[in-house]
Amino acid sequence: MKSTESANTQKLNDKKACWQLLLNHAFTNGDAVALWRLPNQEIQQLIISKTEKQLKEDAVLEDLSEGFMLAPFMAEHRTFLSADYYFRFSAQTLEEPESATETNAHAWLKQLKPIDTPPAFYEKGSAVKVTSIKGNYINLVNEAIQLIKAGSAEKIVPSRTKTIEASINLLEAFDTLCQRYPTAMVSLISTPNHGTWLGATPELLVSLENQHIFKTVALAGTKAWTPGTDSKNVAWTQKEIEEQALVERYIISCFKKIRLRDYEEYGPKTIIAGNLMHLKSDFKVDMKETNFAQLGTVMLNLLHPTSAVCGMPKDLSLDFLLKNEGYSRELYSGYLGPVNIQQNTELFVNLRCLQWKKSSAQLYAGAGVTIDSVPEREWEETEMKMNTLLSVIFENYTISTR
(Lines of atoms letter the chains of each structure in order from A and count residues from 1; the text may use other names and numbers.)
(Lines give C-alpha, C1' and ligand atoms only; values in the text may rest on other atoms or scores of the structure.)
Protein backbone atom coordinates (compact mmCIF):
# COMPACT_ATOMS: atom_id res chain seq x y z
CA MET A 1 0.00 0.00 0.00
CA LYS A 2 2.81 2.41 0.93
CA SER A 3 4.57 1.80 -2.40
CA THR A 4 1.33 2.63 -4.26
CA GLU A 5 0.89 5.83 -2.24
CA SER A 6 4.53 6.81 -2.89
CA ALA A 7 4.19 6.24 -6.65
CA ASN A 8 0.96 8.21 -6.78
CA THR A 9 2.42 11.04 -4.70
CA GLN A 10 5.06 11.40 -7.42
CA LYS A 11 2.33 11.46 -10.06
CA LEU A 12 0.65 14.39 -8.27
CA ASN A 13 3.62 16.51 -9.29
CA ASP A 14 2.83 15.78 -12.95
CA LYS A 15 -0.63 16.99 -13.95
CA LYS A 16 -0.99 14.88 -17.08
CA ALA A 17 0.22 11.72 -15.35
CA CYS A 18 -2.36 12.42 -12.65
CA TRP A 19 -5.08 12.90 -15.30
CA GLN A 20 -4.15 9.59 -16.91
CA LEU A 21 -4.28 7.77 -13.57
CA LEU A 22 -7.67 9.25 -12.65
CA LEU A 23 -9.28 8.72 -16.05
CA ASN A 24 -8.02 5.16 -16.37
CA HIS A 25 -9.63 4.20 -13.08
CA ALA A 26 -12.82 6.13 -13.87
CA PHE A 27 -13.29 4.45 -17.25
CA THR A 28 -12.38 1.02 -15.87
CA ASN A 29 -15.18 1.43 -13.32
CA GLY A 30 -17.69 2.79 -15.85
CA ASP A 31 -17.67 6.26 -14.24
CA ALA A 32 -18.33 9.56 -16.03
CA VAL A 33 -15.71 12.33 -16.25
CA ALA A 34 -15.92 16.10 -16.73
CA LEU A 35 -12.76 18.20 -17.13
CA TRP A 36 -13.09 21.95 -17.65
CA ARG A 37 -11.51 25.41 -17.39
CA LEU A 38 -13.72 28.48 -16.89
CA PRO A 39 -13.15 31.75 -18.81
CA ASN A 40 -10.35 34.00 -17.56
CA GLN A 41 -9.17 31.43 -15.04
CA GLU A 42 -6.03 29.30 -14.87
CA ILE A 43 -7.36 26.52 -12.63
CA GLN A 44 -8.62 23.40 -14.41
CA GLN A 45 -11.25 21.34 -12.61
CA LEU A 46 -12.15 17.66 -12.85
CA ILE A 47 -14.94 15.56 -11.40
CA ILE A 48 -15.51 11.83 -11.51
CA SER A 49 -19.13 10.74 -11.14
CA LYS A 50 -20.25 7.22 -10.37
CA THR A 51 -23.63 7.82 -12.01
CA GLU A 52 -25.27 9.70 -14.87
CA LYS A 53 -28.47 10.91 -13.25
CA GLN A 54 -31.31 12.03 -15.51
CA LEU A 55 -32.84 15.14 -13.99
CA LYS A 56 -36.57 15.53 -13.61
CA GLU A 57 -38.22 18.27 -15.63
CA ASP A 58 -38.99 20.26 -12.47
CA ALA A 59 -35.47 19.96 -11.00
CA VAL A 60 -34.40 23.16 -9.21
CA LEU A 61 -30.92 24.27 -10.28
CA GLU A 62 -30.26 26.12 -7.03
CA ASP A 63 -31.01 23.00 -4.92
CA LEU A 64 -28.74 20.52 -6.73
CA SER A 65 -25.63 19.15 -5.06
CA GLU A 66 -22.13 19.88 -6.39
CA GLY A 67 -21.70 18.48 -9.87
CA PHE A 68 -21.75 19.04 -13.63
CA MET A 69 -24.79 19.35 -15.90
CA LEU A 70 -25.13 18.20 -19.52
CA ALA A 71 -28.13 19.01 -21.70
CA PRO A 72 -28.58 18.22 -25.41
CA PHE A 73 -30.15 20.67 -27.84
CA MET A 74 -33.47 19.01 -27.10
CA ALA A 75 -33.03 19.48 -23.37
CA GLU A 76 -35.84 17.31 -22.02
CA HIS A 77 -33.20 14.69 -21.13
CA ARG A 78 -30.72 16.53 -18.92
CA THR A 79 -27.88 14.66 -17.23
CA PHE A 80 -26.36 15.49 -13.85
CA LEU A 81 -22.91 14.21 -12.90
CA SER A 82 -22.44 14.37 -9.15
CA ALA A 83 -19.00 15.42 -7.91
CA ASP A 84 -18.17 12.12 -6.22
CA TYR A 85 -14.49 12.98 -6.65
CA TYR A 86 -13.42 16.58 -7.29
CA PHE A 87 -9.94 17.87 -8.15
CA ARG A 88 -8.37 21.20 -9.14
CA PHE A 89 -5.20 21.57 -11.21
CA SER A 90 -2.78 24.41 -11.84
CA ALA A 91 -0.69 24.61 -14.99
CA GLN A 92 1.47 21.63 -14.01
CA THR A 93 0.30 20.03 -10.77
CA LEU A 94 -2.65 18.99 -8.61
CA GLU A 95 -3.78 21.76 -6.26
CA GLU A 96 -3.93 21.23 -2.50
CA PRO A 97 -7.45 20.46 -1.21
CA GLU A 98 -9.56 23.37 0.04
CA SER A 99 -12.69 21.46 1.06
CA ALA A 100 -13.76 18.18 2.63
CA THR A 101 -14.83 16.96 -0.83
CA GLU A 102 -11.33 17.54 -2.21
CA THR A 103 -9.65 16.04 0.86
CA ASN A 104 -11.62 12.82 0.42
CA ALA A 105 -10.83 12.75 -3.30
CA HIS A 106 -7.10 13.16 -2.62
CA ALA A 107 -7.18 10.30 -0.11
CA TRP A 108 -8.88 8.08 -2.72
CA LEU A 109 -6.35 9.09 -5.38
CA LYS A 110 -3.40 8.05 -3.21
CA GLN A 111 -4.79 4.50 -3.00
CA LEU A 112 -5.09 3.96 -6.75
CA LYS A 113 -2.88 1.42 -8.44
CA PRO A 114 -0.98 2.72 -11.49
CA ILE A 115 -2.31 1.85 -14.95
CA ASP A 116 0.16 2.61 -17.72
CA THR A 117 -2.14 2.36 -20.74
CA PRO A 118 -3.74 5.51 -22.25
CA PRO A 119 -7.29 6.26 -21.02
CA ALA A 120 -9.99 4.48 -23.05
CA PHE A 121 -12.45 7.34 -23.59
CA TYR A 122 -16.09 6.43 -24.16
CA GLU A 123 -17.28 6.25 -27.75
CA LYS A 124 -20.96 6.60 -28.58
CA GLY A 125 -22.88 6.03 -31.79
CA SER A 126 -22.10 4.24 -35.00
CA ALA A 127 -19.00 4.68 -37.10
CA VAL A 128 -21.09 6.18 -39.91
CA LYS A 129 -19.57 9.48 -41.01
CA VAL A 130 -21.91 12.41 -41.54
CA THR A 131 -20.72 15.43 -43.51
CA SER A 132 -23.06 18.12 -44.75
CA ILE A 133 -22.97 18.74 -48.48
CA LYS A 134 -22.51 22.40 -49.33
CA GLY A 135 -25.40 22.48 -51.77
CA ASN A 136 -27.77 20.98 -49.22
CA TYR A 137 -26.80 23.56 -46.61
CA ILE A 138 -27.19 26.42 -49.09
CA ASN A 139 -30.68 25.11 -49.90
CA LEU A 140 -31.50 24.92 -46.18
CA VAL A 141 -30.42 28.54 -45.71
CA ASN A 142 -32.52 29.59 -48.70
CA GLU A 143 -35.57 27.84 -47.23
CA ALA A 144 -35.01 29.68 -43.95
CA ILE A 145 -34.73 33.02 -45.79
CA GLN A 146 -38.00 32.38 -47.61
CA LEU A 147 -39.74 31.63 -44.32
CA ILE A 148 -38.39 34.88 -42.89
CA LYS A 149 -39.43 36.90 -45.97
CA ALA A 150 -42.93 35.46 -45.62
CA GLY A 151 -43.09 37.04 -42.17
CA SER A 152 -43.25 33.73 -40.28
CA ALA A 153 -39.89 34.17 -38.52
CA GLU A 154 -37.29 36.82 -37.75
CA LYS A 155 -34.26 34.56 -37.46
CA ILE A 156 -33.43 30.86 -37.92
CA VAL A 157 -30.11 29.17 -37.08
CA PRO A 158 -29.52 26.15 -39.36
CA SER A 159 -26.48 24.04 -38.48
CA ARG A 160 -24.34 21.43 -40.19
CA THR A 161 -21.68 18.83 -39.48
CA LYS A 162 -18.30 17.85 -40.83
CA THR A 163 -16.36 14.66 -40.12
CA ILE A 164 -12.56 14.73 -40.10
CA GLU A 165 -10.54 11.52 -40.27
CA ALA A 166 -7.98 11.99 -37.50
CA SER A 167 -6.70 10.57 -34.26
CA ILE A 168 -6.81 13.18 -31.48
CA ASN A 169 -4.85 13.22 -28.25
CA LEU A 170 -7.75 14.55 -26.19
CA LEU A 171 -5.83 15.60 -23.08
CA GLU A 172 -3.21 17.45 -25.14
CA ALA A 173 -5.97 19.07 -27.19
CA PHE A 174 -7.78 20.19 -24.03
CA ASP A 175 -4.61 21.78 -22.66
CA THR A 176 -3.91 23.52 -25.97
CA LEU A 177 -7.44 24.92 -26.14
CA CYS A 178 -7.02 26.29 -22.61
CA GLN A 179 -3.87 28.11 -23.71
CA ARG A 180 -5.29 29.47 -26.97
CA TYR A 181 -8.76 30.39 -25.67
CA PRO A 182 -8.28 32.19 -22.34
CA THR A 183 -11.78 33.72 -22.50
CA ALA A 184 -13.63 30.49 -23.39
CA MET A 185 -15.19 27.72 -21.34
CA VAL A 186 -13.02 24.76 -22.38
CA SER A 187 -14.40 21.31 -21.64
CA LEU A 188 -13.66 17.62 -22.16
CA ILE A 189 -16.58 15.37 -21.24
CA SER A 190 -16.66 11.57 -21.43
CA THR A 191 -19.63 9.53 -20.20
CA PRO A 192 -21.05 6.09 -21.06
CA ASN A 193 -24.33 7.60 -22.33
CA HIS A 194 -23.03 10.64 -24.23
CA GLY A 195 -19.64 9.49 -25.46
CA THR A 196 -16.80 12.01 -25.57
CA TRP A 197 -17.04 15.73 -26.42
CA LEU A 198 -14.37 18.44 -26.59
CA GLY A 199 -15.09 22.14 -26.96
CA ALA A 200 -14.23 25.78 -26.29
CA THR A 201 -17.38 27.88 -26.14
CA PRO A 202 -17.59 31.67 -25.77
CA GLU A 203 -21.30 31.83 -24.85
CA LEU A 204 -22.51 31.96 -21.25
CA LEU A 205 -26.11 30.81 -20.77
CA VAL A 206 -26.69 31.08 -17.00
CA SER A 207 -24.32 32.09 -14.22
CA LEU A 208 -25.17 32.10 -10.50
CA GLU A 209 -22.56 33.65 -8.21
CA ASN A 210 -22.97 32.60 -4.57
CA GLN A 211 -26.72 32.05 -5.22
CA HIS A 212 -26.86 35.85 -5.32
CA ILE A 213 -25.98 37.29 -8.75
CA PHE A 214 -27.56 36.02 -11.98
CA LYS A 215 -25.82 36.64 -15.31
CA THR A 216 -26.45 35.81 -18.95
CA VAL A 217 -25.26 37.17 -22.31
CA ALA A 218 -26.57 37.94 -25.78
CA LEU A 219 -23.86 36.80 -28.20
CA ALA A 220 -24.23 36.75 -31.99
CA GLY A 221 -22.65 38.04 -35.18
CA THR A 222 -19.40 36.58 -36.46
CA LYS A 223 -16.33 38.04 -38.17
CA ALA A 224 -12.84 36.71 -38.72
CA TRP A 225 -10.23 38.23 -36.42
CA THR A 226 -6.63 38.80 -37.43
CA PRO A 227 -3.79 39.78 -35.08
CA GLY A 228 -3.52 43.54 -34.70
CA THR A 229 -7.24 44.21 -35.18
CA ASP A 230 -8.54 46.61 -32.51
CA SER A 231 -11.90 45.29 -31.30
CA LYS A 232 -13.01 48.86 -30.52
CA ASN A 233 -12.80 49.85 -34.19
CA VAL A 234 -14.60 46.90 -35.81
CA ALA A 235 -17.34 47.85 -38.29
CA TRP A 236 -20.36 45.52 -38.15
CA THR A 237 -22.92 45.16 -40.93
CA GLN A 238 -26.60 45.88 -40.42
CA LYS A 239 -27.31 42.16 -40.70
CA GLU A 240 -24.86 41.32 -37.89
CA ILE A 241 -26.10 44.14 -35.65
CA GLU A 242 -29.71 43.07 -36.09
CA GLU A 243 -28.84 39.41 -35.51
CA GLN A 244 -27.31 40.24 -32.12
CA ALA A 245 -30.13 42.65 -31.25
CA LEU A 246 -32.63 39.82 -31.76
CA VAL A 247 -30.87 37.80 -29.06
CA GLU A 248 -30.94 40.83 -26.75
CA ARG A 249 -34.65 41.30 -27.30
CA TYR A 250 -35.24 37.60 -26.68
CA ILE A 251 -33.56 37.79 -23.26
CA ILE A 252 -35.51 40.93 -22.35
CA SER A 253 -38.75 39.23 -23.43
CA CYS A 254 -37.93 36.39 -21.00
CA PHE A 255 -37.49 38.93 -18.21
CA LYS A 256 -40.84 40.45 -19.11
CA LYS A 257 -42.56 37.05 -18.95
CA ILE A 258 -41.63 36.78 -15.28
CA ARG A 259 -42.22 40.51 -14.65
CA LEU A 260 -38.59 41.16 -13.83
CA ARG A 261 -37.79 44.84 -14.35
CA ASP A 262 -34.67 45.34 -12.25
CA TYR A 263 -31.75 44.19 -14.39
CA GLU A 264 -28.53 45.73 -15.66
CA GLU A 265 -27.52 45.60 -19.31
CA TYR A 266 -24.06 46.34 -20.71
CA GLY A 267 -23.10 46.50 -24.39
CA PRO A 268 -23.12 45.46 -27.10
CA LYS A 269 -19.37 45.34 -27.55
CA THR A 270 -16.99 43.37 -29.74
CA ILE A 271 -15.29 40.37 -28.14
CA ILE A 272 -12.52 38.16 -29.52
CA ALA A 273 -12.87 34.38 -29.34
CA GLY A 274 -9.85 32.74 -30.93
CA ASN A 275 -9.70 33.86 -34.55
CA LEU A 276 -13.32 35.06 -34.53
CA MET A 277 -15.09 38.17 -33.24
CA HIS A 278 -18.65 38.45 -31.96
CA LEU A 279 -21.03 41.11 -30.66
CA LYS A 280 -21.91 40.60 -27.00
CA SER A 281 -24.19 42.20 -24.41
CA ASP A 282 -24.13 41.28 -20.71
CA PHE A 283 -27.15 41.07 -18.40
CA LYS A 284 -26.98 41.03 -14.59
CA VAL A 285 -29.62 40.63 -11.85
CA ASP A 286 -29.29 40.83 -8.05
CA MET A 287 -31.41 37.86 -6.95
CA LYS A 288 -31.69 39.07 -3.36
CA GLU A 289 -32.78 42.59 -4.25
CA THR A 290 -35.39 41.23 -6.65
CA ASN A 291 -36.43 38.51 -4.16
CA PHE A 292 -36.11 35.84 -6.89
CA ALA A 293 -34.29 32.92 -5.26
CA GLN A 294 -34.88 30.50 -8.19
CA LEU A 295 -34.16 32.93 -11.01
CA GLY A 296 -31.48 30.63 -12.43
CA THR A 297 -33.90 27.73 -12.82
CA VAL A 298 -36.67 29.89 -14.28
CA MET A 299 -34.44 31.67 -16.79
CA LEU A 300 -32.67 28.47 -17.84
CA ASN A 301 -36.01 26.95 -18.78
CA LEU A 302 -37.08 30.11 -20.62
CA LEU A 303 -33.82 30.82 -22.43
CA HIS A 304 -32.89 27.44 -23.87
CA PRO A 305 -32.68 27.02 -26.77
CA THR A 306 -31.80 30.69 -27.25
CA SER A 307 -32.34 32.59 -30.46
CA ALA A 308 -28.56 32.45 -30.93
CA VAL A 309 -28.75 28.69 -31.62
CA CYS A 310 -32.38 28.19 -32.65
CA GLY A 311 -34.15 31.33 -33.86
CA MET A 312 -37.16 33.60 -33.30
CA PRO A 313 -39.89 32.77 -32.65
CA LYS A 314 -38.54 29.76 -30.80
CA ASP A 315 -41.28 27.20 -31.49
CA LEU A 316 -41.51 27.84 -35.23
CA SER A 317 -37.71 27.91 -35.64
CA LEU A 318 -37.31 24.71 -33.65
CA ASP A 319 -39.95 22.94 -35.72
CA PHE A 320 -38.22 24.04 -38.94
CA LEU A 321 -34.81 22.81 -37.74
CA LEU A 322 -36.06 19.45 -36.50
CA LYS A 323 -37.80 18.80 -39.82
CA ASN A 324 -35.05 20.05 -42.14
CA GLU A 325 -31.55 19.78 -40.66
CA GLY A 326 -31.44 16.04 -41.27
CA TYR A 327 -29.38 14.98 -38.26
CA SER A 328 -29.46 15.02 -34.45
CA ARG A 329 -27.48 17.84 -32.82
CA GLU A 330 -27.08 15.78 -29.64
CA LEU A 331 -24.99 17.88 -27.20
CA TYR A 332 -24.11 20.52 -29.81
CA SER A 333 -25.96 23.78 -29.00
CA GLY A 334 -27.21 22.25 -25.77
CA TYR A 335 -25.57 23.43 -22.57
CA LEU A 336 -23.07 22.23 -20.01
CA GLY A 337 -21.12 23.37 -16.98
CA PRO A 338 -20.39 23.09 -13.25
CA VAL A 339 -23.31 23.36 -10.82
CA ASN A 340 -23.02 24.66 -7.25
CA ILE A 341 -19.29 24.00 -7.08
CA GLN A 342 -17.84 26.38 -4.50
CA GLN A 343 -21.34 27.94 -4.46
CA ASN A 344 -21.14 28.95 -8.13
CA THR A 345 -22.97 27.68 -11.22
CA GLU A 346 -21.67 28.36 -14.75
CA LEU A 347 -23.68 26.91 -17.64
CA PHE A 348 -22.53 27.56 -21.22
CA VAL A 349 -24.05 26.92 -24.63
CA ASN A 350 -22.06 24.03 -26.15
CA LEU A 351 -20.57 25.67 -29.25
CA ARG A 352 -17.21 25.24 -31.06
CA CYS A 353 -17.32 21.58 -30.17
CA LEU A 354 -16.62 18.16 -31.60
CA GLN A 355 -17.73 14.63 -30.84
CA TRP A 356 -14.77 12.28 -30.60
CA LYS A 357 -14.41 8.82 -32.04
CA LYS A 358 -11.27 6.69 -32.05
CA SER A 359 -10.20 7.61 -35.56
CA SER A 360 -12.39 10.61 -36.38
CA ALA A 361 -13.99 13.78 -35.06
CA GLN A 362 -17.42 15.13 -35.92
CA LEU A 363 -17.65 18.91 -35.80
CA TYR A 364 -20.74 21.09 -35.60
CA ALA A 365 -21.47 24.72 -36.50
CA GLY A 366 -24.43 26.94 -37.30
CA ALA A 367 -25.11 30.40 -38.68
CA GLY A 368 -27.79 32.93 -37.83
CA VAL A 369 -30.01 33.52 -40.86
CA THR A 370 -32.00 36.76 -41.15
CA ILE A 371 -33.76 38.52 -44.01
CA ASP A 372 -30.43 40.07 -45.07
CA SER A 373 -28.50 36.79 -45.19
CA VAL A 374 -26.46 35.67 -48.19
CA PRO A 375 -26.40 31.82 -48.26
CA GLU A 376 -22.78 31.55 -49.44
CA ARG A 377 -21.62 33.74 -46.57
CA GLU A 378 -23.53 31.67 -44.04
CA TRP A 379 -21.74 28.55 -45.33
CA GLU A 380 -18.41 30.36 -44.99
CA GLU A 381 -19.30 31.36 -41.42
CA THR A 382 -19.81 27.71 -40.46
CA GLU A 383 -16.46 26.88 -42.06
CA MET A 384 -14.75 29.60 -40.01
CA LYS A 385 -16.31 28.32 -36.81
CA MET A 386 -15.18 24.75 -37.45
CA ASN A 387 -11.71 25.94 -38.46
CA THR A 388 -11.39 27.82 -35.18
CA LEU A 389 -11.37 24.51 -33.31
CA LEU A 390 -9.49 22.50 -35.91
CA SER A 391 -6.66 25.01 -36.35
CA VAL A 392 -5.86 24.65 -32.66
CA ILE A 393 -6.10 20.85 -32.52
CA PHE A 394 -4.26 20.19 -35.76
CA GLU A 395 -1.44 22.68 -36.26
CA ASN A 396 -1.41 24.15 -39.79
CA TYR A 397 -4.82 22.60 -40.49
CA THR A 398 -7.22 24.64 -42.64
CA ILE A 399 -10.63 24.00 -44.16
CA SER A 400 -11.29 25.11 -47.70
CA THR A 401 -14.26 27.47 -48.09
CA ARG A 402 -14.60 26.70 -51.78
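Heads up: the sequence shown begins at 1 in UniProt numbering, then just goes up one per residue.
By construction, the Cβ of each residue, glycine as well, lies at the ideal position given by its N, Cα and C atoms.
#### Entry: CYS178, enclosing alpha helix (DSSP H) - first and last residue
170-180
### Message
Quick check on THR183: does DSSP put it in helix, strand or coil?
### Response
coil
### Message
SER132 and THR176 - do their beta-carbons sit closer together than 7 Å?
### Response
no
### Task
Can you tell me which of the three DSSP states GLN294 falls into?
coil
### Message
Spatial neighbours of VAL309 within its chain, please: C-beta separation below 7 Å, excluding the five flanking residues on both sides.
### Response
VAL157, SER333, VAL349, GLY366
### Message
Between which residues of its own chain and THR297 is the CB-CB distance below 7 Å, once the five residues before and five after are set aside?
### Response
VAL60, LEU61, GLU62
### Contiguous beta strand (DSSP E) assignments of at least 3 residues, all confined to the region 14-69
32-37, 44-49
#### Entry: GLY125, enclosing beta strand (DSSP E) - first and last residue
Per DSSP, GLY125 belongs to no beta strand (DSSP E) and is neither H nor E.
### Task
Buried or exposed for residue 412, please, with buried defined as at least 16 other CB atoms from any protein chain shown within 10 angstroms of its CB.
For the chain, the structure presents residues 1 to 402; residue 412 sits outside this window and is missing.
### Task
List the residues that DSSP assigns as beta-bridge partners of THR196.
SER190, TRP356
### Burial state of ALA83, where buried means 16 or more other Cβ atoms lie within 10 Å
buried
### Message
Would ALA218 and ILE251 be called neighbours here (beta carbons separated by less than 7 Å)?
### Response
yes
### Task
Tell me where the alpha helix (DSSP H) around SER159 begins and ends.
Looking at the DSSP string, SER159 is not in any alpha helix (DSSP H); the run it does join, the beta strand (DSSP E), is 159-165.
#### Entry: Contacting residues, own chain, Cβ-Cβ under 8 Å from LYS358 (five flanking each side not counted)
GLU123, SER167
### Query
Since GLY267 and SER281 are thought to touch, with beta carbons under 8 Å apart, how far apart are those beta carbons, to the nearest angstrom?
4 Å
#### Entry: Assumed close pair THR183, MET384 - CB separation to whole angstroms, cut-off 8 Å
The Cβ separation is near 17 Å, so there is no contact.
### Task
Over the uninterrupted alpha helix (DSSP H) stretch that includes residue 404, give me the two end residues.
A query on residue 404 cannot be resolved here, the shown segment of the chain reaching from 1 to 402 and no further.
#### Entry: Local Cβ density within 10 Å of PRO227, reported as buried at 16 or more and exposed below that
exposed
### Message
Mapping the DSSP letters down to three states, classify PHE73 as helix, strand or coil.
### Response
coil
### Message
Please return the same chain residues whose Cβ sits closer than 8 Å to the Cβ of ALA91, not counting the five positions on each side in sequence.
### Response
LYS15, GLU42
### Message
Closer than 6 Å to a non-hydrogen atom of the ligand HEM - does that hold for the CB of SER360?
### Response
Only the bare structure without any ligand can be found here, which leaves the ligand HEM out of the picture.
### Message
Less than 7 Å between the C-beta atoms of LEU198 and LEU188, yes or no?
### Response
yes
### Query
With distances taken from CA atoms, which of TYR85, ASP286, HIS278, GLN362 is nearest THR237?
HIS278
### Task
Use the C-beta contact count for ILE47: other C-beta atoms within 10 angstroms, 16 or more gives buried, fewer gives exposed.
buried
### Query
Between VAL285 and LYS269, what straight-line distance do the alpha-carbon atoms span, to the nearest angstrom?
19 Å
#### Entry: Integer-rounded CB distance, given that LEU347 should sit under 8 Å from LEU300
7 Å
### Query
For the region 303-376, which segments carrying the alpha helix (DSSP H) assignment without a break, of at least 4 residues, lie completely within its bounds, in sequence order?
314-324
### Query
What did DSSP end up calling THR201 once you bin it into helix, strand or coil?
strand
### Task
Could you work out which residue in GLU57, HIS77, LEU109, PRO97 is closest to LEU23 when comparing CA atoms only?
LEU109
### Message
Comparing C-alpha positions only, which one of GLU248, THR103, PRO305 sits nearest to PHE283?
### Response
GLU248
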